[in-house]
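First residue of the sequence shown? That's 2 in this note's numbering, and the numbers climb one at a time after it. Using N, Cα and C, we set each Cβ at its ideal position, and we do this for glycine too. What follows is a set of notes on a single structure, which appears directly below.
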Amino acid sequence: MQDENLRFNYFSDEFALANGNTTSEFLGKTRWEMGEVDPSNEEKWRAHRACLEARKAFRDFRFSCRTQDGRVQHYKSSGVPYFDRAGKFLGYRGTGNCETDEVLAQQKARQLEQSYREIYENAAVGIFRATPEGKFLQANPALFKLFNFPDEEEFLEAVNTAPDNLFPEPVLRIAVKREIDKKGVLDGFETKLRDKTHAKSVWVSITASKILDEKGDVKYFEGMVQDVSKHKSAEAELKRRERELTQAQRIGRSGHWRWYIKEGVIERSEEMCRLLGISTENTLSSKEDGDGFIHPEDRAAFQARQRHAIDQGIAYKSEHRVLMPDGAVRFHSCEGHPERNSAGDIVSIFGINRDVTEKKEAENALRESERQLNEAQRLGHIGHWRFCAGRRMTQWSHELWRIFGLEPQERELTLDEVFSKMHPQDRKAMQDQSRNAWAQQQHFMQEYRIIRPDESIRYVKVEGHPELDNNGDLIAYFGVTQDVTEQTEADAALKESNARNQAIVEALDRANVGLSIANIERGIIDVNSAVLKIAGLTRKDQMIGLKLTDLNQYSKTDFAALRRENYDAIEKEGSWVGEFDWQRPDGEVRSLSVRSAPFIGDSIVHLIADVTEQKRRERREAELEEGLKQSQKMEALGQMAGGIAHEINNLLHPIINFTKLTLNKTTDAQLNHYLSRALECSRKAADIVNDVLTFAHKGSGERTAVNLAELTARTMRFAQDITPPDIRLTLETNEDNVPAEVNETEFIQVVLNLVQNANDAMGGAGEVKLKLDCVTLAPGETERLEIEQGHYARITISDRGQGIPDDIMDHIFEPFFTTKEVGRGTGLGLAVVYGIVKGWKGAISVNSEKDVGSCFEVYVPIVREAAAAPESKGV
């Protein structure tokens with residue numbers, strides 16, 4: 002309690018007890034007299050004093066004071082003023098608590114917090130605080146600087162926004178979380194994290210533990226992150242060196258071991274185990290078992306050498322054979338070095354074994370190779386030499402002595418001795434070349450003649466190469482000399498033979514006879530120029546490598562069958578003669594005659610002649626002969642036709658006259674129509690009789706310029722009138738004006754004859770198609786049709802009848818040839834058609850297939866220069 006002067010006049014026993022019985026020191030004092038006023042808190046004290054003087058209540062006013070023994074006490078006080086009934090102020094009543102312990106604890110905590118903050122800020126390792134979900138709450142400078150972040154804020158934002166900014170692989174983040182969830186702590190967990198740039202990865206060791214709240218739940222994780230990149234690098238470097246050592250031993254096929262003498266134990270490296278062919282887990286064994294790997298014939302000597310090394314305290318070397326578990330024998334080179342303890346006693350031997358099997362085999366192979374080299378030099382007549390400064394031959398092989406016709410000797414030769422054995426005509430050139438080669442340090446090769454003691458001349462080929470020292474100075478020439486007499490003579494004979502062969506090939510070229518050499522596996526090997534000319538090609542590579550079956554692109558000939566025939570005939574009879582057609586790239590078809598015979602090895606030579614002109618001459622001769630026969634037939638036909646035509650004309654004359662008289666007298670329109678048609682047919686019959694007479698006498702009707710498109714249409718209408726009702730006749734054309742020079746009557750006769758043949762082929766029922774179009778014939782087509790190149794009108798008459806058998810196809814245009822029964826045909830129809838078309842300088846061809854039908858094509862030259870065809874006369 003405080004009196005009206007604000008001095009303390011009462012403290013309760015509890016207050017005294019709580020303050021260590023020191024309250025008596027404060028009786029009679031005001032609060033500011035007993036407290037230590039902190040200069041920084043003067044404002045607080047002034048406000049409190051003003052509150053008291055104003056007689057106001059106060060709450061939780063804190064102050065400090067020092068006791069007589071020097072201790073500082075901390076209090077918290079609350080008070081209210083009290084008055085008497087008259088309202089006179091009597092003082093303050095209140096409560097007070099001593100907070101010394103709490104204040105001291107808070108001060109200690111602040112000190113600890115400050116110490117922690119100093120450690121946190123200045124630590125060399127990263128310190129962090131993170132939520133159980135993995136969100137970072139704090140990061141000290143060492144941590145965010147480790148990952149190249151400028152400050153804590155940017156670091157927290159980066160790793161909390163996208164955790165993978167820190168973890169190069171999401172699986173690493175998952176591994177960290179799984180580890181801490183499993184154990185509750187991280188104790189030196191190592192992983193790789195990446196810095197801000199993502200270009201650098203940092204190996205770190207993470208240590209973290211849980212911080213629990215008052216309920217025992219995880220409040221956050223707190224831990225450290227230490228950069229262990231250098232440690233990891235050193236660790237990786239150590240492993241790399243261990244791997245390199247192992248790899249070096251493996252590459253060098255070597256392994257190390259240590260024999261502990263007193264214990265009788267041998268310790269081996271893994272590569273030593275591999276050299277012995279045992280498991281790499283068997284690195285320890287007894288000395289007795291170790292010596293068991295040594296071949297029995299070498300074991301005693303090896304053990305004696307080891308004992309001597311121990312007795313003398315010296316290193317030793319040994320080569321011995323090793324028995325592998327699979328029974329194989331290997332050669333080992335061994336080196337052992339005694340090892341001493343601190344007292345100087347030999348306690349072990351450290352050694353290295355190398356597998357030198359390949360070396361041993363190479364040495365044996367080298368000796369065998371030297372033997373074979375000597376034998377090869379003898380068989381190949383090749384000797385080697387070495388010429389050094391001082392004009393001395395320091396090496397001169399035994400075979401070289403023999404090449405020069407001398408017995409082998411063990412002595413050096415001078416260069417002058419070598420030159421003396423050369424042919425006089427070659428000696429100076431060889432001397433000059435030797436001097437130039439030595440002066441310029443160049444490789445050289447030369448052929449020259451030598452004269453043996455028996456005065457026989459041999460041809461030799463010499464080749465030398467300079468040997469230089471480390472300074473690039475010439476010290477010697479090493480070379481070989483080969484006796485090439487047989488080869489030189491063979492080359493001369495071959496050259497002469499090639500010249501003869503070339504002369505033959507050139508003669509064949511001049512005679513335009515093709516020469517081709519082929520092989521059943523390799524195809525065409527070579528051809529001469531005449532073959533290319535005959536085939537219409539320009540380069541050999543267009544034919545080289547082609548096989549017979551590849552030639553189908555140039556011919557319709559079945560070359561697979563031709564090849565069998567060719568090889569069978571050569572095998573049985575020794576040769577083959579045949580013919581086939583060849584189509585050149587420009588479309589021209591040539592007839593070729595081939596003669597084949599065996600050649601060198603399994604090759605075959607083909608002589609090829611172009612017989613196209615010969616075939617044409619033969620065809621022309623056959624046509625002339627056929628024309629003579631035709632002339633003779635036509636002469637007989639003309640004699641017969643003259644009588645027939647006279648009789649027919651005698652019958653037609655009254656028919657025409659009586660028809661005219663009837664037409665003049667009748668008024669019946671229908672009868673008039675019928676009579677007009679009858680008159681027209683009668684006149685046509687008279688024209689046909691005249692045409693037969695003309696054909697029989699090798700004459701031809703008068704040709705005029707016509708439009709074949711219009712003439713074909715009129716002929717079509719006329720043909721429909723004489724065609725049976727069950728035959729459907731159609732015309733297809735896109736042409737309006739086709740100028741040509743023909744005889745109209747002959748044209749109608751040609752079309753009607755072919756239509757009638759089509760009617761007969763279909764038995765009076767079916768469809769006959771006529772087609773008119775214009776074509777430009779390629780060279781191959783004009784040659785086949787035997788007409789000149791140019792533009793042609795093509796009239797096609799096709800049917801779906803029984804077709805023309807192959808065996809009579811070549812005879813259908815012959816006069817008097819017919820397949821119809823007696824009384825139905827004379828055999829003159831197609832012969833007349835053929836003669837008419839040929840008279841127009843046109844052509845006719847036929848394609849037919851049995852039971853499918855026939856197609857006749859008539860080609861008529863188009864007269865392009867005709868301005869326009871005149872109106873055709875009526876039939």
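Cβ distance (whole Å) where residue i is taken to contact residue j below 8 angstroms
i, j, result
"Trp258", "Asn354", "7 angstroms"
"Asn760", "Thr819", "That pair is no contact at about 15 angstroms."
"Gly926", "Val859", "Residue coverage of the chain in this structure runs from 2 to 876, which leaves residue 926 outside it and unanswerable."
"Ser604", "Ile518", "6 angstroms"
"Val481", "Ile383", "6 angstroms"
"Gly136", "Glu100", "Per the sequence shown, the amino acid found at residue 136 is Lys instead of Gly. Lys136 to Glu100, Cβ: 37 angstroms. No contact."
"Arg585", "Gly537", "3 angstroms"
"Leu144", "Gly127", "3 angstroms"
"Thr489", "Tyr449", "Between Tyr449 and Thr489 the Cβ distance is about 11 angstroms, and since that is not below 8 angstroms, they are no contact."
"Gln888", "Phe150", "What is shown of the chain runs 2 to 876, which leaves residue 888 out entirely."
"Thr31", "Arg8", "6 angstroms"
Straight-line Cα distance separating residue j from residue i
i, j, result
"Glu336", "Thr192", "45 angstroms"
"Gly644", "Asn651", "11 angstroms"
"Gln74", "Gly189", "47 angstroms"
"His660", "Phe748", "Looking at the sequence provided, one finds Thr at residue 660 rather than His. Their Cα atoms are separated by approximately 27 angstroms."
"Ala344", "Trp260", "18 angstroms"
"Gly473", "Glu371", "29 angstroms"
"Gly875", "Asn673", "Below a pLDDT of 50, predicted positions are generally treated as unreliable, and Gly875, at 31, falls in that range; the measurement from the model is reported next regardless. In a straight line, the C-alpha of Gly875 is about 18 angstroms away from that of Asn673."
"Lys541", "Asn848", "38 angstroms"
"Lys220", "Phe64", "35 angstroms"
"Cys274", "Asn375", "42 angstroms"
"Gly1", "Ile809", "The first residue shown for the chain is 2 and the last is 876, placing residue 1 beyond what the model contains."
"Thr358", "Glu243", "26 angstroms"
"Ser13", "Gly80", "14 angstroms"
"Thr797", "Leu608", "43 angstroms"
"Ser576", "Asp559", "20 angstroms"
"Lys360", "Ala366", "9 angstroms"
"Val205", "Val229", "5 angstroms"
"Pro409", "Asp290", "55 angstroms"
Assigned exposure category for residue i - 16 Cβ within 10 Å defines buried
i, result
"Leu414", "buried"
"Arg1", "Residue coverage of the chain in this structure runs from 2 to 876, which leaves residue 1 outside it and unanswerable."
"Tyr11", "exposed"
"Asp852", "exposed"
"Asn738", "exposed"
"Asp611", "buried"
"Pro655", "exposed"
"Glu1", "Examination of residue 1 is not possible in this model, given that the chain is present from 2 through 876 alone."
"His232", "exposed"
"His647", "exposed"
"Asn567", "buried"
"His321", "buried"
"Phe90", "exposed"
C-beta atoms of residue i and residue j nearer than 9 angstroms
i, j, result
"Pro142", "Glu153", "yes"
"Ala316", "Pro297", "no"
"Met225", "Gly95", "no"
"Ala159", "Leu147", "no"
"Val707", "Glu681", "no"
"Pro862", "Gly588", "no"
"Ser799", "Gly840", "no"
"Lys557", "Asp582", "yes"
"Ile207", "Val177", "yes"
"Phe814", "Leu831", "yes"
"Val864", "Ala741", "yes"
Contact test: residue i Cβ vs the ligand PLP heavy atom, cutoff 8 angstroms
i, result
"Glu580", "The ligand PLP is absent from the structure shown, which contains no ligand whatsoever."
| Mind pulling the beta strand (DSSP E) runs of 3 or more residues that sit fully within the stretch 476 to 554? | DSSP runs (the beta strand (DSSP E)) wholly in the stretch 476 to 554: 514 to 520 and 524 to 528.
| query | Can you list the alpha helix (DSSP H) stretches of 4 or more residues lying completely in the stretch 365 to 407, in chain order? | reply | Those alpha helix (DSSP H) runs which fall completely within the stretch 365 to 407 and span 4+ residues are 399 to 404.
| request: Report the residue ranges of all beta strand (DSSP E) runs contained in full by the stretch 661 to 739; include only those spanning at least 3 residues, in chain order. | output: Under the rule that a run must span 3 or more residues, the beta strand (DSSP E) segments found entirely inside the stretch 661 to 739 read 705 to 708 and 728 to 734.
| said: List, from N- to C-terminal side, the beta strand (DSSP E) runs of 3 residues or more that fit wholly inside the stretch 165 to 207. | reply: With a minimum length of 3 residues, the continuous beta strand (DSSP E) runs that stay inside the stretch 165 to 207 are 187 to 195.
| said: Give the list of continuous alpha helix (DSSP H) stretches no shorter than 4 residues that lie fully inside the stretch 763 to 803. | reply: If only complete runs of 4 or more residues are kept, the stretch 763 to 803 shows the alpha helix (DSSP H) at 780 to 786, in order along the chain.
| message | Quick check for students: name the residue ranges of the beta strand (DSSP E) that lie wholly in the stretch 424 to 480, counting only runs of 3 or more. | response | Within the stretch 424 to 480, the complete beta strand (DSSP E) runs of at least 3 residues are 445 to 452 and 458 to 469.
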